[in-house]
Structure formats: C-alpha cells, structure tokens
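If you read the sequence shown in UniProt numbering, its first letter stands for residue 1, the second for the next number, and so on. In what follows, a structure is listed as structure tokens, so that the remarks can point back to it.
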Amino acid sequence: MVQNVSVGLLGLGTVGSGVVRMVEGHQEELLHRVGCPVYIKRVLVQNLDKERSCHINPELLTSKADEVVSDPEIDVVIEVIGGIERAREYILQALSNKKHVITANKDLMALHGAELLSAAEENGCDLFYEASVAGGIPIIRTLVDGLASDRITKMMGIVNGTTNYILTKMDKENLTFEEVLKEAQELGYAEADPTSDVEGIDAARKMAILASLGFSMNIHLDDVEVKGISSITSEDLEYARQFGYSMKLIGNAKKDNGKVEVSVEPTLLPDTHPLASVQNEYNAVYIYGEAVGETMLFGPGAGQLPTATSIVSDLVAVVRNMRLGVNGKSVVAPQFDKQLKKDDEIAGKYFYRLHVKDEAGTFSALTSIFANHEVSLEKLLQKPVGDNGVAEVVLVTHTTSKQQNDNIYQQLRDSGVVNQIKSHYRVEGGAQ
Ligand code: HSE
C-alpha cells in the first residue's frame with residue numbers, strides 16, 4: 001500500500017501558488033480523504049528569486065524541468081505552466097517516466113488530448129484535466145462519472161468569464177464593447193491581448209473537450225464553428241431586451257441521430273433559459289440527457305483557489321487510484337466515430353437587424369426573401385432611422401436550417417433590398 005505521495009509542480013504562477021496553498025492548507029482533509037500524506041517535493045519555476053503569493057520553502061524550487069519530470073521519487077506531476085509545446089513535452093516525459101499527470105491546460109488538451117491520453121494509458125498512468133474547462137466547476141467529472149449512465153444530447157456552456165463579464169456590463173450599463181473591454185483590462189479582468197477570449201477561441205477549446213467527453217467522439221478544435229463578441233453593439237442588446245432575450249457567448253454542442261454540431265457564437269437566449277441568469281464573470285454548463293432531462297452546473301470559471309480546487313480534486317482521485325492500484329484504467333476510448341452534421345442538418349432560429357430603404361415595396365420584397373426560402377418570421381419590428389430615408393428592420397425567424405439561413409443571408413446581402421445587414425445572431429429555442 002502507498003505510504004505517502006510526492007508531487008512535482010510545473011509552474012508557480014497564480015494557479016500553481018493556489019495549488020501549493022491548498023495542498024499545504026488542507027493537509028488534514030487530504031490525509032482523511034486519501035489515507036496517506038501528500039506533499040509537494042519540487043517546483044519548476046522560471047525565476048528562482050521572484051516573490052510568490054504563497055509560502056514555499058525556497059529549497060523546493062528548481063529551474064530544471066528534469067528535476068521534476070525525471071525524479072524517481074515524484075509520483076504525480078501537476079502542469080500549470082500553460083502554453084502548448086513545452087507543456088506537451090514535459091507531460092510526455094513525465095508519463096514515459098510513469099508519473100501520473102494533472103493539467104489545467106485546455107489549449108493543450110483541445111489540440112493534443114487524444115495523443116496525451118493514449119500515452120497515459122500506455123504507461124499505466126492517470127491523466128486528469130478537470131481544471132481545463134470552467135475552472136472550479138466539476139464539469140468533466142460530471143460528464144465522465146455523474147452522467148455516465150445517460151445519453152447526453154445537448155450541452156450549452158458559458159465557459160468564458162471574460163466575455164460574460166463584458167456582455168453583462170454592456171447590457172446593464174449601456175456601454176460599448178470597446179468601453180467595457182478597456183475598463184476590464186485596466187482592472188486586470190481581461191488580458192492585455194484579449195483576442196483568444198473575445199473572439200471565442202478559448203471557449204471553442206473548452207467546447208471541443210466537453211463535446212469529446214459528452215458525445216464520446218474525438219472532436220477537434222477545427223470542428224468547432226467560432227464567432228466572437230467584438231462586433232456586438234448596444235443597439236443589438238437593446239433589441240434583445242425588447243424581444244425578451246439575453247445575449248450570451250454560448251458554446252453549443254448538440255447530437256441528433258448520431259451526428260453532432262459544435263459551435264461558439266453570440267446567441268440570444270430567452271430570458272427564461274437557465275443560462276440567461278448567469279451574470280458577470282461566472283461560468284455555467286447546461287446539459288440535457290435523455291434520461292436525466294435538464295441539469296446545470298454554475299460557478300467560477302477561473303481564479304486562483306477555484307482552479308486549484310479542481311486540480312487538487314484530481315490529485316485526490318490519482319492518489320485514491322494509487323492506493324487501489326487502478327491508475328491508467330479510467331480512460332475510455334471514444335465509443336463513436338466522429339460524424340459532423342451538414343449545414344442542412346443544423347436547426348436554429350436567427351435574429352437580423354437590417355437597414356433598408358424606407359419606401360413602398362421594400363417590406364414586401366424583404367419578407368418575400370424569407371417566404372421564398374420557406375422560412376416564416378416569429379418576431380418583427382420596424383422603425384425609421386433619422387430622416388435619411390432609411391428604416392431599421394429587426395426580426396427573428398422561426399426554426400430553419402443553417403443552410404437555408406445562409407442562403408437567406410446571401411440573398412439579403414445581394415438583392416438590393418437591404419442597404420446593410422447590421423447584425424445577425426443565432427437565437428436559442430429551435431428544435432430540441
Ligand atoms: N480566460 C478564461 C476566461 C479563463 O475568461 O474565462 C481561463 O480559462
């Protein structure tokens with residue numbers, strides 16, 4: 001029986017320091033939950049002299065990765081350095097040295113998850129990554145264990161806190177995207193380079209991980225359709241409110257008849273949808289299972305201690321497996337070959353805000369474009385814009401296919417009826 005467990009930590013930034021604080025500060029709980037002492041033996045850092053936000057014996061620090069990933073006394077390696085190539089290399093080395101690995105790295109797992117999981121399995125090691133999606137929310141364990149008995153058909157996630165914070169502030173304080181982003185950067189809530197968050201890439205990586213687990217299929221980042229929030233305007237949010245919707249950046253993963261669609265895009269949610277009430281930097285994942293019906297998990301998607309909570313829970317799982325002698329057995333190969341839906345198999349409703357010529361015949365020409373594609377309109381509003389002969393038309397379609405909607409979009413753009421398509425979003429509430 002394992003008598004004690006030593007951990008090597010790769011990285012001592014915000015999250016790494018949180019892991020040290022939790023492992024040191026929760027010794028009694030850890031001992032009770034796993035049945036043996038767990039301690040941190042070595043920590044890889046870039047700068048040995050930097051001030052840290054946790055108490056750590058300086059003798060544990062090293063600038064040589066090999067002293068962590070090749071130390072025969074280290075049982076578990078926790079990777080929190082981020083980035084892709086270096087993290088991948090260290091994890092592969094650690095696994096080949098028969099060390100169990102825990103990572104918070106969604107970029108790495110979205111791109112190289114399949115390779116790393118099979119390396120873990122070959123070496124009889126655990127590779128856990130709970131913190132890679134939605135920080136402190138135990139969403140991966142929910143999919144892998146809690147709902148293991150069910151068939152999941154739909155997952156919708158608010159899995160990026162930065163964009164949820166920006167959209168909440170724009171909506172509540174009637175500010176522009178640029179104003180809120182600048183303020184969020186000044187307060188340190190948004191990155192200096194916010195591209196990955198605001199353009200939906202961070203959320204897409206997380207959705208690739210969730211879709212792979214929830215649908216038991218290898219879904220790659222390239223399979224996720226992505227659109228960010230940078231072109232959303234105050235006018236769009238105002239109309240959304242009038243129509244009874246909230247605008248959210250939604251990761252949408254849906255399975256019908258064995259085929260899946262995965263996207264990240266600004267989406268209008270009916271105010272009655274459980275995700276519509278998720279405000280500020282919070283994350284939430286809504287799951288629909290054939291047997292369980294609707295469930296939703298809500299919580300912090302980032303932050304030092306929330307993220308460390310997930311990492312240290314992974315550590316508890318690894319140590320329990322060590323004591324039972326069952327490490328490396330939890331990876332289940334995907335049950336299904338990947339089958340992505342074609343555009344004519346993806347159902348949705350769509351919102352348009354259009355500028356049209358304010359003259360006789362425009363309205364009927366406009367509605368006939370929708371009618372010609374056999375798409376009917378659920379909501380419709382028109383008002384003049386200034387006195388320049390332009391009217392703003394805002395509408396929401398009934399459920400149609402993505403293909404039909406793309407055809408309509410092109411015809412609206414090219415027909416001469418519409419001066420400008422000001423905005424265009426998916427609306428939740430299409431066929432289940
Ligand atoms: N940048 C992410 C977010 C947190 O804003 O939610 C880390 O995944």
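Here a beta-carbon is modelled for each residue, glycine too, at the ideal position from N, C-alpha and C.
What residue from the options has the CA that sits closest to residue i's CA?
i	options	result
Gly258	Pro300, Lys338, Leu187	Lys338
Met22	Leu305, Ser6, Glu238	Leu305
Arg42	Asp49, Leu30, Asp344, Gly11	Gly11
Met296	Asp49, Leu111, Gly157	Gly157
Ser277	Ser263, Ile139, Gly299, Lys64	Gly299
Tyr129	Gly386, Tyr165, Asp314, Arg205	Asp314
Val394	Thr400, Leu366, Gln410	Leu366
Asn327	Phe336, Thr153, Gln335, Val316	Val316
Gly348	Ser216, Lys106, Thr267	Thr267
Tyr352	Gly200, Pro194, Val427	Val427
Gln242	Pro270, Gly228, Ile232, Ile219	Pro270
Thr163	Gly82, Val180, Ala94, Val312	Val180
Met217	Gln411, Asp202, Val101, Lys254	Lys254
Arg52	Glu59, Gly13, Ala65, Asp71	Gly13
Ala120	Val101, Leu108, Met109	Val101
Gly303	His424, Ala65, Gly161, Asn4	Gly161
Gly124	Ile369, Asn97, Ala148	Asn97
Phe215	Leu275, Leu31, Ile287	Ile287
May I have the straight-line CA-CA distance separating residue i from residue j, to the nearest angstrom?
i	j	result
Val226	Met155	16 angstroms
Glu115	Val15	25 angstroms
Val19	Ala291	36 angstroms
Tyr90	Leu111	16 angstroms
Ile56	His398	59 angstroms
Asp145	Val332	12 angstroms
Ala431	Tyr165	Interpretation of Ala431 is limited by its pLDDT of 42, a score under 50 that renders its predicted location unreliable; the figure taken from the coordinates is listed afterwards. Taking the straight line joining both Cα atoms gives about 29 angstroms.
Thr6	Arg33	Just to set this straight, residue 6 is Ser in the shown sequence, not Thr. Roughly 16 angstroms between the two C-alpha positions.
Thr153	Glu294	11 angstroms
Gln382	Asn372	21 angstroms
Val69	Arg88	12 angstroms
Glu378	Gly389	26 angstroms
Ser230	Ser132	24 angstroms
Gln420	Tyr239	17 angstroms
Thr233	Lys422	9 angstroms
Gln404	Leu221	25 angstroms
Gln185	Glu374	45 angstroms
Glu85	Asp256	36 angstroms
Asp406	Val418	16 angstroms
Val76	Glu199	35 angstroms
Ser310	Thr103	10 angstroms
Val2	Ile40	16 angstroms
Lys424	Gly301	With the sequence shown as reference, residue 424 is identified as His, and Lys is not the correct amino acid for it. Using only the alpha carbons, I get a separation of about 28 angstroms.
Lys182	Asp66	41 angstroms
Leu324	Ala192	45 angstroms
Tyr189	Asp197	11 angstroms
Would you mind sorting residue i into buried or exposed? The rule is 16 or more other CB atoms within 10 Å of its CB.
i	result
Ser246	buried
Pro384	exposed
Arg413	exposed
Asp223	buried
Lys172	exposed
Ile408	buried
Met207	buried
Phe177	buried
Glu261	buried
Glu359	exposed
Thr195	exposed
Met322	buried
Met170	buried
Asp344	exposed
Gly416	exposed
Phe336	exposed
His400	One point to set straight first is that residue 400 is Thr, not His, in the sequence displayed. Its Cβ being crowded by 16 or more others within 10 Å, Thr400 is buried.
Asp236	buried
Leu48	exposed
Asn4	exposed
Gly8	buried
Quick test of your reading: residue i and residue j, contact by CB under 8 angstroms. State the CB separation rounded to the nearest angstrom.
i	j	result
Ile137	Asn280	Not a contact, Cβ separation roughly 15 angstroms.
Leu143	Leu213	5 angstroms
Leu44	Leu167	Their Cβ separation, rounded to whole angstroms, is 37 angstroms, which puts Leu44 and Leu167 out of contact at 8 angstroms.
Gly82	Asn105	6 angstroms
Val264	Ala203	4 angstroms
Would you say residue i touches the ligand ZN, meaning its beta carbon is less than 7 angstroms from a heavy atom?
i	result
Ala302	With respect to the ligand ZN, the structure shown offers nothing to examine, as its ligands consist of the ligand HSE.
Looking at the strands, I want to know which residues DSSP matches up with residue i.
i	result
Ile421	Leu354
residue 434	Coverage of the chain is limited to positions 1 through 432, which leaves residue 434 absent and any answer about it impossible.
Thr62	Leu44
Gly289	Ile152, Gly293
Gln382	Val393
Thr400	Gly348
So with Cβ pairs under 8 angstroms, would you call residue i a contact of chain D?
i	result
Ile219	Absence of chain D from the displayed structure is noted, only one protein chain being present.
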